[in-house]
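Taking it in order: structure first as structure tokens, then the write-up.
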Amino acid sequence: KIDPKSEQKVAITLGLRMGGPQGLPNLELGVSLKAEKPADKPKEGAEAPAAGAAPTKVLAKVTSATLASMSVGGPPKELADALAKLKGSSLRYDLSPANVVSNQKIELAKDADPGLQPLVGALGEAIALVTPPLPDKPLGPGAYWMVTDRAVASGAQLPVLRYRVFKIEKVEGDLVSLSVDTRQYAEGADLKLPGPNGDVTLTIDRLESSGKATLTWSPSSFAPGTADASQRLQALLVPPGAAGQQNAQRSVAQVELTAKFAPPAA
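Residue numbers for the sequence shown, in the UniProt record's numbering: 1 to 266.
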């Protein structure tokens with residue numbers, strides 16, 4: 001059980017690439033996770049929710065944001081400075097007693113570039129991806145269970161149905177090592193993307209999305225202590241008005257999310 005007064009600090013290496021191998025360099029994030037104090041106490045006479053049933057309100061705050069080490073020369077200083085301003089950005093979410101993440105809300109730091117919001121969204125997707133919802137009954141090493149939920153794929157902002165199969169690799173004390181296989185399917189046939197003259201609706205001709213992760217998790221922590229996850233999505237898109245036309249020009253949308261969680265360096 002999580003101590004509501006505890007704070008978990010994690011170092012997260014986050015990568016979000018859209019359209020192919022090119023994209024922003026990996027980001028090194030310091031993240032602090034702790035439970036928020038309830039905003040309001042129940043009114044007199046009102047029934048308080050049972051302690052075991054109420055979700056924990058989690059605040060994940062970016063305490064540092066730097067570029068991962070790169071080759072000689074590195075990225076422009078302007079980019080490094082812009083990313084550093086993500087410090088202070090936060091992600092709020094509910095964590096149910098069954099360890100299910102929901103209701104994520106992003107708040108960018110005051111001076112952060114709004115164009116960097118997808119990076120904080122990717123952080124939220126990564127945390128949700130490697131947070132294991134608990135099975136209905138106690139299981140041991142070698143056992144596995146499947147979790148089905150809805151999610152929004154980072155970068156593409158595409159609502160998907162997500163299927164995750166968790167397998168217990170080993171148990172040491174209260175530390176559980178898990179592997180995860182993920183498949184995602186488009187929830188609808190259309191994808192709305194922002195355009196210069198408003199939203200543009202494209203038809204999804206085909207979508208493939210899969211991922212893998214390994215992680216170590218303890219019931220007393222908000223997020224895995226260590227994790228290594230990757231998630232890829234590729235969609236074949238048909239332009240507006242061309243659905244059903246065999247010869248219509250199709251475009252490809254690609255998104256790759258990678259995340260590594262580790263204890264912060266001493």
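Just so you know, even glycine gets a beta-carbon here, dropped at the ideal spot from N, CA and C.
Can you give me the start and stop residues for the alpha helix (DSSP H) that residue 117 sits inside?
117-129
Suppose you measure from the CA of residue 260 to the CA of residue 227; what does that come to, to the nearest Å?
5 angstroms
If you compare alpha carbons, which of 208, 223, 209 is closest to residue 215?
223
Just to confirm the assignment, what range does the beta strand (DSSP E) spanning residue 169 have?
158-172
Contact set for residue 109: own chain, Cβ-Cβ below 7 angstroms, skip 5 residues either direction
85, 86, 87, 88, 89
Assumed close pair residue 53, residue 126 - CB separation to whole angstroms, cut-off 8 angstroms
So it is not a contact: roughly 27 angstroms between Cβ atoms.
Less than 9 angstroms separating the beta-carbons of residue 171 and residue 135?
no
Would you report the Cα separation of residue 189 and residue 164, rounded to the nearest angstrom?
22 angstroms
Does the separation of the CB atoms of residue 104 and residue 128 fall below 9 angstroms?
yes
Keeping to the same chain, check which residues put their C-beta closer than 6 angstroms to that of residue 184; ignore five residues upstream and five downstream.
160, 162, 209
Of the choices 174, 186, 130, whose alpha-carbon is the least far from that of residue 150?
186
Continuous beta strand (DSSP E) assignments of at least 3 residues falling wholly in the region 56-105:
56-67, 90-95
Just how far apart, CA to CA, sit residue 217 and residue 6?
16 angstroms
Own chain residues within Cβ distance below 7 angstroms of residue 55, not counting five before or after:
94, 95, 96
Among all the DSSP beta bridges, which residues are the ones paired with residue 253?
235
Kindly identify the DSSP beta-bridge partner or partners of residue 12.
29, 261
Nearest to residue 297 by CA position, among 225, 257, 203, is which residue?
This structure cannot speak to residue 297, because the chain is shown only from 1 to 266.
How about residue 13 and residue 265: do their beta carbons lie closer than 9 angstroms?
no
Per DSSP, what are the beta-bridge partners of residue 192 in this structure?
201
Shortest alpha-carbon distance to residue 78 belongs to which of 99, 113, 144?
113
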